[in-house]
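J.: This is the structure I have questions about; it appears just below.
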Amino acid sequence: MMVKMGDADASVSGLTFDYPDVIRPALRIHHTRPGRRIAAGVYIIIVGKRTYIFTDATVNIDPSAEDLADIAFLAAEFARQLQIEPRVALLSFSNFGSTPHPLSDKVHQAVELIRLRGADFPVDGEMQADTAVVPELIDQRYPFSQVRDANVLVFPSLEAANIAYKLLARLGNAQAIGPILLGMGAPVHVLQTGDDVRNIINIAAVAVMDAASR
Numbered sequence: 009m010m011v012k013m014g015d016a017d018a019s020v021s022g023l024t025f026d027y028p029d030v031i032r033p034a035l036r037i038h039h040t041r042p043g044r045r046i047a048a049g050v051y052i053i054i055v056g057k058r059t060y061i062f063t064d065a066t067v068n069i070d071p072s073a074e075d076l077a078d079i080a081f082l083a084a085e086f087a088r089q090l091q092i093e094p095r096v097a098l099l100s101f102s103n104f105g106s107t108p109h110p111l112s113d114k115v116h117q118a119v120e121l122i123r124l125r126g127a128d129f130p131v132d133g134e135m136q137a138d139t140a141v142v143p144e145l146i147d148q149r150y151p152f153s154q155v156r157d158a159n160v161l162v163f164p165s166l167e168a169a170n171i172a173y174k175l176l177a178r179l180g181n182a183q184a185i186g187p188i189l190l191g192m193g194a195p196v197h198v199l200q201t202g203d204d205v206r207n208i209i210n211i212a213a214v215a216v217m218d219a220a221s222r
């Protein structure tokens with residue numbers, strides 16, 4: 009409410025609460041940003057010297073094709089705020105129609121929607137996760153792809169993104185910074201329950217960047 013009333017420029021909350029119990033009132037109070045239909049949650053994943061953006065890991069449980077397209081635009085915009093030129097891959101269990109199924113078809117439809125909207129960043133899919141991040145696979149099997157070595161990964165569902173980032177953080181020695189809310193009507197960010205000090209500081213820095221960009 010302090011952000012809504014103009015008494016604060018940004019907020020970071022949720023350390024001792026369940027994530028859904030904090031984000032629901034935040035969405036009711038602040039809604040989405042003008043021109044944005046939905047909000048989405050991203051994680052910055054740092055693996056060695058490589059930086060990736062994973063989305064949507066926190067907000068949209070079962071996104072439609074239109075939702076996935078919106079999420080891709082939000083994530084690409086955020087990447088540019090980080091001085092990262094986005095190369096966007098929409099992920100599935102199928103590579104470019106190799107496994108026809110309503111779930112993979114939905115992801116393919118999202119790619120088509122993104123292109124119809126005139127995206128100014130390379131985007132492709134549907135594709136498997138290894139295809140997205142291993143350039144040799146693209147070169148050998150799918151040289152027609154517009155994306156090589158993707159750095160923005162749009163997952164087909166919240167559960168897929170959530171599982172992926174947690175496995176990388178716990179088993180792959182990756183650093184996960186987030187969750188970071190995109191598309192909100194105000195610079196409000198929600199921590200995961202019990203986040204450590206490093207992540208709280210990281211999210212506070214993101215909140216400052218968010219406030220400064222408005």
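FYI, our numbering numbers position 63 of the sequence shown as 71, with every residue one higher than the one before it.
Using N, Cα and C, we set each Cβ at its ideal position, and we do this for glycine too.
Please read these numbers as outputs of a predicted model, since none were measured by experiment.
#1: I need the DSSP call for arginine 222, collapsed to helix, strand or coil.
#2: On a Cα-Cα basis, can you pick out the residue from Ala97, Asp78, Ala83 that is closest to glutamine 1?
#3: Beta-carbon separation of proline 195 and alanine 182 under 8 Å?
#4: Arginine 149: buried (16+ other C-beta within 10 angstroms of its C-beta) or exposed?
#5: Buried or exposed: where does arginine 178 fall if 16 or more other Cβ atoms within 10 Å of its Cβ makes it buried?
#6: Specify the secondary structure class of glutamate 144 as computed by DSSP and reduced to three states.
#7: Under 8 Å between the Cβ atoms of aspartate 75 and isoleucine 46?
#8: What is the DSSP secondary structure of proline 187, counted as helix, strand or coil?
#9: Taking C-alpha atoms, which residue in Gly202, Ile209, Asn210 lies nearest to threonine 24?
#10: Just curious, the beta strand (DSSP E) that histidine 197 is in, first and last residue?
#11: Is the separation between the beta-carbon of serine 165 and that of proline 42 shorter than 8 Å?
#12: Mind pulling the alpha helix (DSSP H) runs of 4 or more residues that sit fully within the region 36-122?
#13: Quick check on leucine 161: does DSSP put it in helix, strand or coil?
#14: What does DSSP give as the partner residue(s) for methionine 135 in the beta ladder?
#15: How many Å lie between isoleucine 69 and glycine 191 at the Cα?
#16: Please report the residue range of the beta strand (DSSP E) in which serine 228 lies.
T.: From the atom records:
#1: In the structure shown, arginine 222 sits in coil (DSSP, three-state: anything other than H, G, I, E or B).
#2: Outside the shown range of the chain, which is 9 to 222, sits residue 1, and nothing can be said about it.
#3: Going by C-beta atoms, proline 195 is not nearer than 8 Å to alanine 182.
#4: With a threshold of 16 other beta carbon atoms within 10 Å, arginine 149 falls short and is exposed.
#5: Exposed, because fewer than 16 other Cβ atoms sit within 10 Å of the Cβ of arginine 178.
#6: Reduced to three states, the DSSP call for glutamate 144 is helix.
#7: Judged by beta-carbon spacing, isoleucine 46 lies within the 8 Å limit of aspartate 75, meaning their Cβ atoms are closer than that value.
#8: It is a strand residue.
#9: The option with the nearest alpha carbon to threonine 24 is Gly202.
#10: First-last of the beta strand (DSSP E) with histidine 197: 196-198.
#11: Contact flag unset, no.
#12: Within the region 36-122, complete alpha helix (DSSP H) segments of at least 4 residues are found at 73-89, given in chain order.
#13: Looking at leucine 161 - three-state DSSP - the assignment turns out to be strand.
#14: DSSP output for methionine 135 lists Leu99 as bridge partner(s).
#15: Answer to the nearest angstrom: the Cα atoms are 16 Å apart.
#16: Outside the shown range of the chain (9 to 222) lies residue 228, about which nothing can therefore be said.
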